[in-house]
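When the letters of the sequence shown are read in order and numbered with our numbering, they come out as residues 11 to 302. Below is one structure; the comments refer to it alone.
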Amino acid sequence: MHRIGSVELALAEPVPTPTGWVGRPELLEAVLACWTMVDKTDQPLTPRIVGRPGMGKTTLAQAAAASLNVPVYIFQCNMDTRPEDLLVLPVIAENGRIAYHASALVTAMLEGGVVILDEANRMSEKSWASLAPLFDARRYVESAVAGCRIPAHADFRACVTMNDDSSTFEVPEYIVSRLQPQLEVDYPERDAELAILRWNVSFAPEDMLSITADFLEAAHRHQLNYSTRDGINILRYAVKMQKAGLETDNMAALVRAMDAVLGPQCRDFASGTQTPDGPADEEDGTDENEEL
Ligand SMILES: Nc1ncnc2c1ncn2[C@@H]1O[C@H](COP(=O)(O)OP(=O)(O)OP(=O)(O)O)[C@@H](O)[C@H]1O
Ligand SMILES: [Mg+2]
């Protein structure tokens, strides 16, 4: 419970943050730099972490947050997120009275924790508007539901992740200007991606890890939407099929898993004949006939 004036707020629970961040330490350092205070008059920045789906945006935010050793909260944004969901929700209590429940965001503000607004560009402008004062020098929100102003603890930190896919809203310019800087989680280099695969699927044999890393590297070069997450899922499924006795050969298990995870069109790409969207790009200097 936390009291603001006459209003009692029930707080949300922090999330466990078991995630590690492998490779590309500069991305982790960039998030932490945003949250560093240079002197008493300084303010933390709220970076927006952008990139294609499945490349590590949420993982990066979680890993950075975990390294601060404060409670971490994640608010999963969607197109139905209302300002009261973001801030304070009224709930009918057992005695018939109204109890006020602080969101993950407001709980982080009160507890001096970190909040990750995940997939934030799925929210509408109305919800964003309620956050404008939080992400500038004012550092507070106004809850219409609880009828109070809620100031952020000095240790409060935030970041947002945003997906490049199409099922999202355009974020209003005045909000974008408060979510700075932009940190891009782009495709990792092959060796970094191999390390990520190995870290996440440590029980997969080395040759399967290496073939999957090669496949992803080629896919990234062709700007295909195959992600690190796809690679992890392919490896997990291939190893599970082997464990269940459905496949014995490593390569056969991988091909079957690729079919199931990415669709059979990925085979055309993997064998170098064509990309799923048409013939392989001849102008980018890549070898169309590369065999994986
Ligand atoms: N650098 C990394 N270190 C460890 N694991 C990683 C790293 N990058 C990606 N992963 C793993 O890849 C998977 C996808 O990452 P994540 O969920 O963070 O992607 P995302 O960019 O947030 O995707 P989406 O846009 O769909 O939300 C996770 O299983 C995560 O553990
Ligand atoms: Mg994510």
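By construction, the Cβ of each residue, glycine as well, lies at the ideal position given by its N, Cα and C atoms. Given the structure is predicted, the values throughout are model-derived calculations rather than measurements.
Query, Result
"Contact test: residue 352 Cβ vs ligand 2 heavy atom, cutoff 6 Å", "Residue 352 falls outside the range modelled here, since the chain spans only 11 to 302, and no answer is possible."
"3-residue-minimum beta strand (DSSP E) runs that sit fully inside the stretch 12 to 44, ordered along the chain", "12 to 14, 17 to 20"
"Span separating the alpha-carbon of residue 185 from that of residue 159", "20 Å"
"DSSP state of residue 298 mapped onto helix, strand, coil", "Caution is warranted here: a pLDDT of 40 is assigned to residue 298, below 50, making its placement in the model unreliable, and the coordinate value is therefore given only provisionally. In this structure, residue 298 counts as coil in the three-state DSSP scheme."
"Residue 247 - containing alpha helix (DSSP H), residue span", "238 to 253"
"Which listed residue (67, 53, 83, 44) has its alpha carbon closest to that of residue 237", "67"
"Near ligand 2: residue 238 beta-carbon under 6 Å from a heavy atom", "no"
"Contact set for residue 54: own chain, Cβ-Cβ below 7 Å, skip 5 residues either direction", "44, 45, 47, 167"
"Cβ-heavy atom distance, residue 91 to ligand 1, below 6 Å", "no"
"Heavy atom of ligand 1 within 6 Å of residue 369 beta-carbon", "Outside the modelled stretch of the chain, which goes from 11 to 302, sits residue 369, for which no answer is possible."
"DSSP state of residue 277 mapped onto helix, strand, coil", "helix"
"Alpha helix (DSSP H) runs wholly inside the stretch 141 to 225, at least 4 long, in chain order", "183 to 186, 200 to 210"
"Backbone CA spacing between residue 242 and residue 256 [nearest angstrom]", "19 Å"
"At least three beta-carbon pairs within less than 8 Å, the stretch 204 to 218 to the stretch 87 to 99", "no"
"DSSP three-state assignment for residue 265, whether helix, strand or coil", "helix"
"In chain order, each beta strand (DSSP E) run of at least 3 residues that lies wholly inside the stretch 69 to 148", "82 to 86, 98 to 102, 108 to 112, 124 to 128"
"Under the three-state DSSP convention, the category residue 48 falls into", "coil"
"Same chain, Cβ closer than 8 Å to residue 213, neighbours up to 5 away in sequence not counted", "249"
"One or two residues paired with residue 60 in a DSSP bridge", "172, 194"
"Own chain, CB closer than 6 Å to residue 251, minus 5 neighbours either side, in chain order", "257, 263"
"Which listed residue (13, 267, 191) has its alpha carbon closest to that of residue 42", "191"
"Where residue 274 falls, given that 16 or more other Cβ within 10 Å makes a residue buried", "exposed"
"Residue 15: CB within 6 Å of a non-hydrogen atom of ligand 1", "no"
"Cα-Cα separation, residue 218 to residue 90", "41 Å"
"Residue 169 versus 182, 119, 13, residue with shortest Cα-Cα distance", "119"
"Alpha-carbon to alpha-carbon, residue 155 and residue 78", "31 Å"
"Nearest-angstrom Cα separation, counted from residue 92 out to residue 227", "40 Å"
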